[in-house]
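The structure under discussion appears below in the form of structure tokens.
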Amino acid sequence: MALTAGFFYLFAVFSVIAGVMVIVAKNPVHAVLFLVLAFFNAAGLFILLGAEFLAMILIIVYVGAVAVLFLFVVMMLDVDFAELKAGFIKNAPVGLLVGGIVLVELILLFVARGFDLGVAHKLAAAMPAADSGVSNTEALGHILYTKYIYFFEVAGLILLVAMIGAIVLTLQHKIGVRRQSIAAQVARSPKDGVEVVKVPSGGSIIPAPDGQS
Amino acid sequence: MSESTYQEWWNYALWLLAMVGWSLLILVVLLIVVAYLLLMDRKVWAAVQLRRGPNVVGAFGLLQSFADLLKFVFKEPIIPASANKGVFLLGPIATVTFALAAWAAIPVNEDGLGRWVMSDLNVGVLYLLALSSLAVYGIIMGGWASNSKYPFMGSLRSVAQMVSYEVSIGFVIITVILCVGSLNLTDIVNAQKTGLGTGVGLPNSLLDWYWLPLFPMFVVFFVSALAETNRPPFDLVEAESELVAGFMVEYSSTPYMLYMLGEYVACVTMCAMMTLLFLGGWLPPVDVAPLNWVPGIVWFVGKCVFVFFFFAMAKAMVPRYRYDQLMRLGWKVFLPLSLFMVVAVAAVLQFARGGFSATGL
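Structure, rendered in structure tokens:
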């Protein structure tokens, strides 16, 4: 247990430090990299709780895809660091207010529910026992695809709508753009591409313009 | 401190020592294997082009990779003045760390001694998928921190490419998982002991492995693995004809070597993944007397080398893709195909279990 506690404090301290650095870092790319570090430590905490499936999904989805796209966008931005710093001081009170409200809410929650150090054992009791042969992933699937199937489907639909929205916003049909049509290229035969003409001796022939494609 | 506390700490120390020893063993063996696979890559490439390949250092050039290592290590690492120094050095280290970390979860054999794996994860496949998706960070960090145009272009390309092909790799893995019913890599291999071949009465053989029933997915995974590891014909990230060397332009010496090493280790990891998911891992090709006396790890390594041979042949024979063709292949061919296969495989499995009844669980 001592080792688990040690790892807990390691991951917790690093995730808090990384979270602070996301806000404090001057360079936005560094901020995103610290965000990735925070995700990693959160995944470590999930593993300590015995939720290895959630930990892996967190890394695949958030670190492997979402944060990469963040980084992609941030790298492309032309950032003026001086302006950004001025913005930090201007926006700090709002940020502190929001953060303070969340903190107060969390504290109230703990006060209302009672602060119990044995909470980890209670959480563990809701999961399948380690010797039951049912893995975490299986248990999650059994619940997700039976009891919460409608919520799951609705979440999928919302994502689909968002995806279609993004495509509609960026889709442009420009007229006059020549695009490669691989089917047309493959279907092209010597008949379409080559025109055999008889050139009279001493004369010349200008091929018809529609013979070229 | 009481006596039991000391006992506990002593147990931890022993466990830590065992883990460190295990890790060192895996890493040393892996790196030596990678050194020779690199030589094999170059030899195969040379043979296809009717050249001799490296043949000077050691007999048949067997020590070439080690000579290259020494050359890289003893050169001076150059960090560009305008580079972002920390991230610049973090890039290659991240690449090689993520690539090597994958081998903690790859099982290489199972016999009377137990499972030959450092960490027998419940979610082994997901762990490998997560680490292969992290490989993009090394490239993107290196490309951005170099503060130079070609590296930046290269890393932008790589991000789009790797994120695209991860989607189809994910779907391919889902079809295999549907057939097995477990995310554990050892279970996936053991599930391939029975299959199509035993279904028609043959002994356990290579016909049981998933490459046969899931052949389209096998091909999709192979091509996606090439794209995911930035191997030719999809090495647009470092296309020397357009981007000089892509994200590695500004790198020299040991950091450059770490990138190359990470890339090759990621390749070998992909070979191991194909071996585990589709080629029956450490199972012998036919389960008869002389073949099943051979230790499983020999079959495992042999299959990895076999897959790597095809990686090398693809590098030698196929011309580099154009970037829009690469994206077209990923999104318009592989994604619909693998999506369809997920539905088809799920439907077939459901029928095989006795029709569409409400007791599907």
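Going down the list, the sequences are from chains A and B.
Anchor point for the first sequence: position 21 equals 21 in my numbering, and the numbering is continuous, going up by one each time.
My numbering runs 213 ahead of the 1-based position in the second sequence.
The beta-carbon is built from N, C-alpha and C at its ideal position, and this holds for glycine as well.
Discussion item. Does the CB of A/I60 have a neighbour CB from chain B at under 9 Å?
Written reply: Here residue 60 of chain A refers to the residue found at position 60 when the first sequence is read from its first residue. Nearest CB-CB separation between A/I60 and chain B: below the 9 Å threshold.
Item to complete: Pull up the DSSP beta-bridge partners for B/S418, would you.
Response: Walking along the second sequence from the start, residue 418 of chain B turns up at place 205. DSSP lists B/V499 as partners of B/S418.
Worksheet entry | Residue span of the alpha helix (DSSP H) that contains B/I401, given as start and end | By 1-based counting over the second sequence, the position of residue 401 of chain B is 188. Per DSSP, the continuous alpha helix (DSSP H) segment holding B/I401 begins and ends at L398 to A404.
Fill in: B/A525 - containing alpha helix (DSSP H), residue span
As a position in the second sequence, residue 525 of chain B is number 312, starting the count at 1. G509 to M530 is the extent of the alpha helix (DSSP H) around B/A525.
Worksheet item: Quick one, which residues of the region 331-345 of chain B are near chain A if we go by CB-CB under 8 Å, in chain order?
Response: Listed by position, the residues of the region 331-345 of chain B near chain A (Cβ gap below 8 Å) are L334, N335, V336, L339, Y340, L342 and A343.
Fill in: Residues of the region 391-409 of chain B with Cβ closer than 9 Å to any Cβ of chain A, in chain order
Contact annotation: in the region 391-409 of chain B, residues whose CB is within less than 9 Å of a CB in chain A are G394, S395, L396 and N397.
Worksheet item: B/E323 by DSSP, collapsed to three states: which one?
Response: Here residue 323 of chain B refers to the residue found at position 110 of the second sequence. Three-state DSSP puts B/E323 in a strand.
Worksheet item: Taking the C-alpha atoms as reference points, what is the distance between A/Q180 and B/F522?
Response: The residue you call residue 180 of chain A lines up with position 180 of the first sequence. The residue you call residue 522 of chain B lines up with position 309 of the second sequence. Taking the straight line joining both Cα atoms gives about 33 Å.
Worksheet entry | Cβ-based neighbour list, B/A307, same chain, cut-off 7 Å, excluding 5 preceding and 5 following | As a working mapping, residue 307 of chain B is identified with position 94 in the second sequence. Result list for B/A307: Y350, G351 and M354, in chain order.
Discussion item. Please list the terminal residues of the continuous alpha helix (DSSP H) segment that includes A/N136.
Written reply: Translated into positions along the first sequence, residue 136 of chain A becomes position 136. Per DSSP, A/N136 belongs to the alpha helix (DSSP H) from N136 to L144.
Fill in: Continuous alpha helix (DSSP H) stretch holding B/T310: start and end
Position 97 of the second sequence, counting from 1, holds the residue named residue 310 of chain B. Here the alpha helix (DSSP H) through B/T310 covers K298 to A314.
Discussion item. For B/N224, which residues in the same chain have their Cβ closer than 7 Å to its Cβ, ignoring the five residues on either side in sequence?
Written reply: Walking along the second sequence from the start, residue 224 of chain B turns up at place 11. Hits under 7 Å: none found.
Fill in: Chain-ordered neighbours of A/S135 on chain B, where CB pairs are closer than 9 Å
As a first step, residue 135 of chain A is located in the first sequence; it is residue number 135 there, counting from the start. In chain order: N335, V336, S395, L396 and N397.
Worksheet item: For A/L3, which residues in chain B fall below 8 Å Cβ to Cβ?
Response: Reading the first sequence from its first residue, position 3 is the one you call residue 3 of chain A. Taking the beta carbon of A/L3 as reference, the chain B residues within 8 Å of it are Y225, listed in sequence order.
Worksheet item: Should B/L230 be labelled buried (16 or more other beta-carbon atoms within 10 Å of its own) or exposed?
Response: Counting from one through the second sequence, the residue named residue 230 of chain B turns up at place 17. B/L230 should be labelled exposed.
Worksheet item: Should A/I89 go down as buried or exposed, given a rule of 16 or more other Cβ atoms within 10 Å for buried?
Response: Numbered from its first residue, the first sequence carries residue 89 of chain A at position 89. Classification for A/I89: exposed.
Practice prompt. Establish whether the CB of B/Y363 and some CB of chain A are separated by less than 9 Å.
Written response: In the second sequence, the residue the question calls residue 363 of chain B occupies position 150. Not a single C-beta of chain A is nearer than 9 Å to the C-beta of B/Y363.
Discussion item. Using a Cβ distance threshold of 8 Å, determine whether the region 536-549 of chain B contacts the region 373-388 of chain B, with at least three qualifying pairs required.
Written reply: When Cβ pairs closer than 8 Å are counted between the two stretches, the region 536-549 of chain B is seen to touch the region 373-388 of chain B, the count reaching three or more.
Discussion item. I'd like to know whether the C-beta atoms of B/S368 and B/V457 end up nearer to each other than 9 Å.
Written reply: Taking the second sequence and counting its residues from 1, the one referred to as residue 368 of chain B is at position 155. Taking the second sequence and counting its residues from 1, the one referred to as residue 457 of chain B is at position 244. At the C-beta level, B/S368 and B/V457 stay beyond 9 Å of one another.
Worksheet entry | Nearest-angstrom Cα separation, counted from A/L103 out to A/R113 | To locate residue 113 of chain A, count along the first sequence from 1; it is residue 113. To locate residue 103 of chain A, count along the first sequence from 1; it is residue 103. Just so you know, the alpha carbons of A/R113 and A/L103 end up roughly 15 Å apart.
Worksheet entry | Proximity below 9 Å, CB of B/F285 to CB of B/A358 | Numbered from its first residue, the second sequence carries residue 285 of chain B at position 72. Numbered from its first residue, the second sequence carries residue 358 of chain B at position 145. Taking a C-beta distance under 9 Å as the contact criterion, B/F285 and B/A358 do not qualify as a contact pair.
Practice prompt. Please classify B/R370: is it buried, with 16 or more other beta-carbons within 10 angstroms of its beta-carbon, or exposed?
Written response: Taking the second sequence and counting its residues from 1, one reaches residue 370 of chain B at position 157. Around the beta carbon of B/R370, a 10 Å sphere encloses 16 or more other beta carbons of the protein chains shown; the residue is thus reported as buried.
Worksheet item: Does the Cβ-Cβ distance between B/G494 and B/F524 come in under 9 Å?
Response: Numbered from its first residue, the second sequence carries residue 494 of chain B at position 281. Numbered from its first residue, the second sequence carries residue 524 of chain B at position 311. No, these two residues do not count as a Cβ contact at 9 Å.
Worksheet item: Listed from N- to C-terminal order along the chain, which residues in the region 346-357 of chain B have their beta-carbon within a distance smaller than 9 Å of any beta-carbon of chain A?
Response: The residues in question are S346, L347, V349, Y350, I353, M354, G356 and W357.
Fill in: Residues near B/V402 in its chain [Cβ-Cβ closer than 8 Å; skip 5 each side]
As a working note, residue 402 of chain B is residue 189 in the second sequence. So the list reads P320, E323, L489, G493, G494, W495 and L496, once near-sequence residues are dropped.
Worksheet entry | Three-state secondary structure assigned by DSSP to B/R328 | Position 115 of the second sequence holds residue 328 of chain B. Here B/R328 sits in strand by DSSP.
Worksheet entry | Contact set between B/V376 and chain A, taken where Cβ atoms lie within less than 7 Å | Counting from one through the second sequence, the residue named residue 376 of chain B turns up at place 163. Taking a Cβ-Cβ cut-off of 7 Å, the neighbours of B/V376 in chain A comprise A65 and V68, given in sequence order.
Worksheet item: Within the 9 Å Cβ cut-off, does B/A560 reach chain A?
Response: Within the second sequence, residue 560 of chain B is the residue found at index 347, counting from 1. Chain A contact via Cβ: absent.
Worksheet entry | Reduced DSSP secondary structure (H/G/I, E/B, other) of B/L471 | Position 258 of the second sequence, counted from the first residue, corresponds to residue 471 of chain B. Residue state, collapsed to three classes: helix.
Worksheet item: Leaving out the 5 sequence neighbours to the left and right, which residues in its chain are closer than 6 Å to A/V36 when beta-carbon positions are compared?
Response: Counting from 1 along the first sequence, the entry for residue 36 of chain A is found at position 36. When the five nearest sequence neighbours on each side are left out, the beta carbons in the same chain lying within less than 6 Å of the beta carbon of A/V36 are those of V63 and A67, in order along the chain.
Worksheet item: Do you know how far the Cα of B/C392 is from the Cα of B/F553?
Response: What you label residue 553 of chain B is simply residue 340 of the second sequence in a count that begins at 1. What you label residue 392 of chain B is simply residue 179 of the second sequence in a count that begins at 1. Whole-angstrom Cα-Cα distance: 15 Å.
Discussion item. Just to make sure I have the definition right: I need the residues of chain B whose C-beta is within less than 7 Å of the C-beta of A/M56. Which are they?
Written reply: Here residue 56 of chain A corresponds to residue number 56 of the first sequence, with the count starting at 1. What A/M56 touches in chain B, judged by beta-carbon distance under 7 Å, is V336, L339, Y340 and A343, going in chain order.
Worksheet item: Shortest alpha-carbon distance to B/W316 belongs to which of B/V241, B/P532 and B/F447?
Response: As a first step, residue 316 of chain B is located in the second sequence; it is residue number 103 there, counting from the start. Distance check between B/W316 and each of B/V241, B/P532 and B/F447 places B/V241 closest, using alpha-carbon atoms only.
Worksheet item: Apart from the five residues just before and just after B/Q262, which ones in its own chain have a Cβ nearer than 6 Å to its Cβ?
Response: Here residue 262 of chain B refers to the residue found at position 49 when the second sequence is read from its first residue. None.
Worksheet entry | Proximity test, Cβ basis, 9 Å: B/L369 and chain A | Here residue 369 of chain B refers to the residue found at position 156 when the second sequence is read from its first residue. Answer yes: the Cβ-Cβ gap between B/L369 and chain A drops below 9 Å somewhere.
Discussion item. If I follow the unbroken alpha helix (DSSP H) through B/W228, where does it start and stop?
Written reply: On the second sequence, position 15 is the one that residue 228 of chain B refers to. Its alpha helix (DSSP H) spans residues E216 to V261.
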